[in-house]
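Here the structure comes first, spelled out in structure tokens, and everything after it is commentary.
Number of protein chains: 2
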Amino acid sequence: MALHKHDQFTAEDQEVAALAKALGHPARIAILRLLAARQSCICGDIVQELPLSQSTVSQHLKELKAVGLVRGDIDGPRVCYCLDAVGWAKTRALFADLFDQTQTSVEFQNQAGAPGCAC
Amino acid sequence: MALHKHDQFTAEDQEVAALAKALGHPARIAILRLLAARQSCICGDIVQELPLSQSTVSQHLKELKAVGLVRGDIDGPRVCYCLDAVGWAKTRALFADLFDQTQTSVEFQNQAGAPGCAC
DNA sequence: CCTTCTCATCGTCAATCGCCGATTAATCGC
DNA sequence: GCGATTAATCGGCGATTGACGATGAGAAGG
């Protein structure tokens, strides 16, 4: 288990990848949209909105929490989930960086007239 | 293999998730950055830039191609990879949509004064 | 034609994912 | 305290992922 290949990549690439991975499941996207829609951050009502079991939803929430996209505040017997402003700011910044790089590259392509590669 | 739970989610959520999943690995992020940096879209030089075997890189490229982020044009015995403008436009649009939703929700939180949930 | 070079594909393996039911933990109302 | 409610965790399962070496397919060059 020692000497992960992952260590060979930059910290930023790993960070972006981890965030993207967390976003890489429809259920988690749906959860995030739900939390965004109801500014009031509900808790296990999420379970009833999704076609998944309680334990599965809990795991998805755990993953989202692990990468900092979601916060869970304990409110009596229930837990109140909401979007984490800090995590989202970071996420937007990291993706914006990636998108900028790719966009300028694509613009360069278009400028060159070629519809695809310029080799 | 029949009756995927995935079918229960919206098409947009599935699309975003599929793209995010493709971005969910440091090696693939590194590949995309490489292709963006060298406007000249190189081919298997990627292999030498990454700490991965040729077959592994080929698989990552296949995944990126599958979701439309990358194009591979055959150029003699070699293959020339480059970013796919169409795929990236779609990706940016889908992520922008998601980011907008989450941002307005977070702004609402801040406005309310609470540092987190408002339950 | 045969060799060489480049890349895709195959087969394999361990590790992880996604899902579930069942169990545990914690809190509130009584 | 006790039962009820809510959510996290455990254990297990089939499927997928990520990695590799080895093999296969296609085009250039001799």
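As given, the protein sequences belong to chains A and B, one line each in that order.
According to the working numbering, the first sequence is numbered sequentially starting from 1.
According to the working numbering, the second sequence is numbered sequentially starting from 1001.
For each residue, glycine too, the CB sits at the ideal point set by N, CA and C.
All of these numbers come straight from a predicted model, not from anything done at the bench.
Could you tell me which residues DSSP puts in a beta bridge with residue i?
| i | result |
| --- | --- |
| residue 1074 of chain B | B:1079 |
On a Cα-Cα basis, can you pick out the residue from the options that is closest to residue i?
| i | options | result |
| --- | --- | --- |
| residue 1070 of chain B | B:1010, B:1107, B:1032, B:1109 | B:1032 |
| residue 83 of chain A | B:1107, B:1046, B:1028 | B:1107 |
| residue 9 of chain A | B:1062, B:1101, B:1028 | B:1028 |
| residue 34 of chain A | A:105, A:45, A:25 | A:45 |
| residue 1079 of chain B | B:1057, B:1085, B:1099 | B:1057 |
| residue 109 of chain A | B:1019, B:1097, B:1104, B:1038 | B:1038 |
| residue 1100 of chain B | A:103, A:60, A:36, A:23 | A:36 |
| residue 1077 of chain B | B:1043, B:1051, B:1024 | B:1043 |
| residue 25 of chain A | B:1048, B:1018, B:1054 | B:1018 |
Please list the partners that residue i has in chain A, where partner means a Cβ-to-Cβ separation under 8 Å.
| i | result |
| --- | --- |
| residue 1085 of chain B | 106, 109, 110 |
| residue 1093 of chain B | What residue 1093 of chain B touches in chain A: nothing, since even the nearest Cβ is about 11 Å away. |
Run down chain A in chain order and give the residues with a C-beta less than 7 Å from the C-beta of residue i.
| i | result |
| --- | --- |
| residue 1008 of chain B | 51 |
| residue 1014 of chain B | 26 |
Closer than 9 Å by beta-carbon distance: list the chain B residues that pair up with residue i, in chain order.
| i | result |
| --- | --- |
| residue 21 of chain A | 1020, 1021, 1023, 1024, 1025 |
| residue 39 of chain A | 1104, 1105, 1108, 1109, 1112, 1118 |
Which bits of chain A does residue i rub up against, with CB to CB less than 9 Å?
| i | result |
| --- | --- |
| residue 1032 of chain B | 98, 101, 102 |
| residue 1066 of chain B | Correct list: empty, because the minimum Cβ distance to chain A is about 14 Å. |
| residue 1046 of chain B | In chain order: nothing, as chain A lies at least about 13 Å away. |
Could you list which residues in chain B have their beta carbon closer than 7 Å to that of residue i, in chain order?
| i | result |
| --- | --- |
| residue 120 of chain A | The displayed coordinates of chain A run from 1 to 119. Any statement about residue 120 of chain A would go beyond what the structure contains. |
| residue 59 of chain A | Within chain B, no residue comes near residue 59 of chain A; the closest Cβ sits about 14 Å away, beyond 7 Å. |
Say yes only if the C-beta of residue i is nearer than 7 Å to one or more non-hydrogen atoms of the ligand ADP, and no if none qualify.
| i | result |
| --- | --- |
| residue 97 of chain A | Only the bare structure without any ligand can be found here, which leaves the ligand ADP out of the picture. |
For the stretch 1061 to 1072 of chain B against the stretch 90 to 99 of chain A, do three or more pairs of beta-carbon atoms, one drawn from each stretch, fall closer than 8 Å, so that the two count as touching? Under the three-pair Cβ rule at 8 Å, the stretch 1061 to 1072 of chain B does not count as touching the stretch 90 to 99 of chain A.
Is the stretch 79 to 90 of chain A touching the stretch 1013 to 1022 of chain B in the sense that three or more CB pairs, one from each, lie closer than 8 Å? Not touching, per the Cβ criterion.
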